[in-house]
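To start, the structure under review is shown below, and the notes come after it.
Numbering (the numbering used here), first residue to last: 1 to 57.
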């Protein structure tokens, strides 16, 4: 995968992610990046668990 465009901005109000899952058993993975730009492994695992519990309901 190649990054085509990057924008860095500041939001004045909260920004909430939204996902649409089409099939039972589907999943959504979020990658959390720290300030240095490297992948935060413990945050990624925690986020995956949260999303799986949310989409099962």
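C-beta atoms are modelled at their ideal positions from N, C-alpha and C, and glycine is treated no differently.
Spatial distance of residue i from residue j (CA atoms)
{"i": "residue 25", "j": "residue 3", "result": "29 Å"}
{"i": "residue 10", "j": "residue 16", "result": "14 Å"}
{"i": "residue 12", "j": "residue 1", "result": "31 Å"}
Cβ neighbours of residue i in the same chain (closer than 6 Å, five flanking residues each side left out)
{"i": "residue 19", "result": "28"}
{"i": "residue 22", "result": "none"}
Same chain, Cβ closer than 7 Å to residue i, neighbours up to 5 away in sequence not counted
{"i": "residue 14", "result": "none"}
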